[in-house]
Amino acid sequence: MPKHPVLGEALSVISGGGDMLSSDGPQWKVWRSAFNPGFSVAHLMTMMPTIVDNVATFAQILHKHAVNNELFRMEHHATRLTIDIIGKIVLDDDFNSQLVEHPLVTAFESQVRWMKIVPVMQKPLQIFNIFRPFVQWWNQRQMDTGKKKHVIDLALETYLKENNVSGDTTKLDPKFKDAALRNIKVFIFAGHDTSSSTICYCHYQLSQHPKALARLRKECEDIFGTDVSKTGDMIKADPYLLNRMRYADAVVRETLRIFPPGNTVRAGAADFFISDPDTGERYPTDGWLLWSHNLGHMVNPDLWGEDVYSFRPERWLDESNSKGAANRDAFMAFAKGPRNCIGQELAMLETKMMLAMTRQFDFHEAFAEVEKLKNDGSGYPSSLSGVQEQFGEKAYQIQLGTAKPREGMPCRLSLVNK
């Protein structure tokens, strides 16, 4: 089924429209084919040294917060980490936004706040601001001129080969260059926005489940040794060590199952009906937006068992399990089929690396202290009034571009006491 037009409208604030994420048919196929090589595991392994350096910077920032017992929002730092990584992967550009402000990164963060999928009541003055078109135009200009206008080499090579285009990139059709830029901006948005949320929730879930955290640390020590500071260099020397992190892989997948950062929307059709499994009644979909409810799907006890709301990474390691993790269609965090998430391998690799290189910290959620973060420039309400839990969960998700942790995951860190 085709993507619903509302997705293209929402992403137009970022890409200007016509991007791979919201397009269908031949247009989508051309760009998916062009970008596939750049997101293959083989290519990503060659990029591991760069990713290690960015994660090392992230760990240094967390160390400063830990030794000073500082209250902060994890989501901000996780976002800067992942946007630095995706910027290097896609643009071969060192944003270094974890340490200094970068105009392109600032433009992206501002532009996301204007996306139409952000709830209107959350940002009423901004949504209806008379200067909104001018702010969008300025941010768009910053994103277009802030970097050389080219796609990654592998994407160019694939496009040139499959479309019989001259190898002289200076003579490429301007429409091609424009389309490439649109897709690059979507990659930067989608590639950092979802992964940053997952990083936050991995730390949160492990802090709530000490046995899982202990098992993760034991796995990391078995692979990398007890000196955390050597982990990055070991990964640089042999990136495939990350493949041995089976329990860490299970932790990330279980986190994504309970806190999926994204969904997909499709357009209904005259010949497509939804049937009630209990009554058999059929409902027409023509003219309707169909929302794939990943969260509901991944906490369905018929698929995952009665412990569906329990954080249990072990479910992913039980080869005899006939439900959930062993059912190829039960896990929808990266979608399924040919239109699955092109960046899923990168997301898994960078998150596992982050877990290995930050295992020296204990995470402590600090939602009760959120009012101390008022006026920190984050845009979060920082309030202890109103709804503080959803379904018994303090760290419930809010829609802000993608699904993010409430209040940006306020927390404190401490160094592990050995």
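Here the sequence shown is numbered in our numbering, starting from -17 and rising by one per residue.
Backbone N, C-alpha and C fix where the C-beta goes; we use that ideal spot for every residue, glycine too.
Only counting the same chain, and skipping five residues up and downstream in sequence, which positions put a Cβ closer than 7 Å to that of aspartate 6? Here residue 6 refers to the residue found at position 24 when the sequence shown is read from its first residue. Correct list, in chain order: Pro(-16) and Lys(-15).
Quick one: residues in its chain with C-beta nearer than 6 Å to the C-beta of alanine 232, no 5 flanking neighbours on either side, listed in chain order? Sequence index remark: in the sequence shown, residue 232 carries index 250 (1-based). Annotation for alanine 232: Pro295, Trp298 and Leu299 place their beta carbon closer than 6 Å to its own, counting only its chain and skipping 5 residues before and after.
How would you label tryptophan 286, buried or exposed, when you count the other beta carbons within 10 angstroms and need 16 or more for buried? In the sequence shown, residue 286 corresponds to position 304, counting from 1. Classification of tryptophan 286: buried, given that the 10 Å Cβ count is 16 or more.
Should arginine 388 go down as buried or exposed, given a rule of 16 or more other Cβ atoms within 10 Å for buried? Looking up residue 388 in the sequence shown gives position 406. Arginine 388 comes out buried.
Three or more beta-carbon pairs under 8 Å between the region 18 to 28 and the region 322 to 333, yes or no? Because the criterion of three Cβ pairs below 8 Å is met, the region 18 to 28 and the region 322 to 333 touch.
At what residues does the alpha helix (DSSP H) containing leucine 44 begin and finish? Stepping through the sequence shown from its first residue, residue 44 is reached at position 62. Note, leucine 44: alpha helix (DSSP H), 30 to 49.
Starting from proline 387 and walking both ways along the beta strand (DSSP E), at which residues does that stretch end? Stepping through the sequence shown from its first residue, residue 387 is reached at position 405. Segment 384 to 387, the beta strand (DSSP E) holding proline 387.
Helix, strand or coil, according to DSSP, for glutamate 375 in the structure here? The residue labelled residue 375 in the question sits at position 393 within the sequence shown. If DSSP states are grouped into helix, strand and coil, glutamate 375 belongs with the strands.
Buried or exposed: where does leucine 271 fall if 16 or more other Cβ atoms within 10 Å of its Cβ makes it buried? Residue numbering aside, residue 271 sits at position 289 when the sequence shown is read from its first letter. Label assigned to leucine 271: exposed.
Give, in chain order, every unbroken run of the alpha helix (DSSP H) that is at least 4 residues long and sits entirely within the region 268 to 304. 276 to 280 and 283 to 286
If you compare alpha carbons, which of Gly250, Val34 and Leu277 is closest to tyrosine 265? Numbered from 1 along the sequence shown, position 283 holds the residue referred to as residue 265. Comparing Cα positions, the closest option is Gly250.
If we count Cβ pairs, one from each stretch, closer than 8 Å, do we get three or more for the region 360 to 374 versus the region 31 to 39? The region 360 to 374, when compared against the region 31 to 39, does not touch it at the 8 Å Cβ threshold.
Could you round the C-beta distance between alanine 385 and threonine 213 to whole angstroms and report it? I think they count as a contact, below 8 Å. Position 403 of the sequence shown, counted from the first residue, corresponds to residue 385. Position 231 of the sequence shown, counted from the first residue, corresponds to residue 213. Rounded, the Cβ-Cβ distance is 30 Å, inconsistent with contact.
Which residues in the same chain have their Cβ closer than 8 Å to the Cβ of lysine 376, if we skip the five residues on either side of it in sequence? The residue labelled residue 376 in the question sits at position 394 within the sequence shown. So the qualifying residues of the chain are Glu347, Phe349, Gln370 and Arg388.
Buried versus exposed call for tryptophan 273 [16 or more other C-beta atoms within 10 Å across all chains shown]: Taking the first residue of the sequence shown as 1, we reach residue 273 at position 291. Classified as exposed, tryptophan 273 has fewer than 16 neighbouring CB atoms from the shown chains inside 10 Å of its CB.
For isoleucine 256, which residues does DSSP report across the bridge? Locating residue 256 in the sequence shown gives position 274, where the first residue counts as 1. According to DSSP, isoleucine 256 bridges with Tyr265.
Taking DSSP's pairing of strands, which residues face lysine -15 in a bridge? By one-based count along the sequence shown, residue -15 stands at place 3. The partner list for lysine -15 (beta bridge, DSSP) reads Arg248.
Methionine 227 versus serine 15 - alpha carbon distance: Reading the sequence shown from its first residue, position 245 is the one you call residue 227. Reading the sequence shown from its first residue, position 33 is the one you call residue 15. Roughly 30 Å between the two C-alpha positions.
With a Cβ-Cβ cutoff of 7 Å, do serine 178 and alanine 60 count as a contact? Along the sequence shown, read from residue 1 onward, the residue named residue 178 stands at position 196. Along the sequence shown, read from residue 1 onward, the residue named residue 60 stands at position 78. It is a contact, given that the beta carbons lie within the stated cut-off.
Beta-carbon contacts of arginine 55 that lie in its chain and below 8 Å, excluding the five residues immediately before and after: Here residue 55 corresponds to residue number 73 of the sequence shown, with the count starting at 1. The answer, listed in chain order, is Leu355, Asp358, Ser360, Tyr362, Glu389, Gly390, Met391, Pro392 and Cys393.
Tell me the residue span of the beta strand (DSSP E) that contains aspartate 215. For the purposes of this step, residue 215 is taken as the residue at position 233 of the sequence shown. Taken as a continuous stretch (DSSP letters only), aspartate 215 belongs to no beta strand (DSSP E), being part of the alpha helix (DSSP H) at 213 to 219.
How about histidine 185 and phenylalanine 345: are their beta carbons less than 7 Å apart? Against the sequence shown, residue 185 aligns to sequence position 203. Against the sequence shown, residue 345 aligns to sequence position 363. Yes, the Cβ-Cβ distance between histidine 185 and phenylalanine 345 is below 7 Å.
Buried or exposed for tyrosine 183, please, with buried defined as at least 16 other CB atoms from any protein chain shown within 10 angstroms of its CB. Taking the first residue of the sequence shown as position 1, residue 183 is located at position 201. A residue is called buried once 16 or more other Cβ atoms fall within 10 Å of its Cβ, and tyrosine 183 is buried on that count.
Could you give the first and the last residue of the continuous beta strand (DSSP E) run that contains glutamate 347? Mapped onto the sequence shown, residue 347 falls at position 365. Counting along the chain, the beta strand (DSSP E) containing glutamate 347 begins and ends at 343 to 347.
Where the alpha helix (DSSP H) through arginine 62 begins and ends: As a first step, residue 62 must be located in the sequence shown, where it is residue number 80. That run of the alpha helix (DSSP H) goes 56 to 73.
Residue span of the beta strand (DSSP E) that contains leucine 401, given as start and end: Here the chain covers residues -17 to 400 and nothing more, so residue 401 does not appear.
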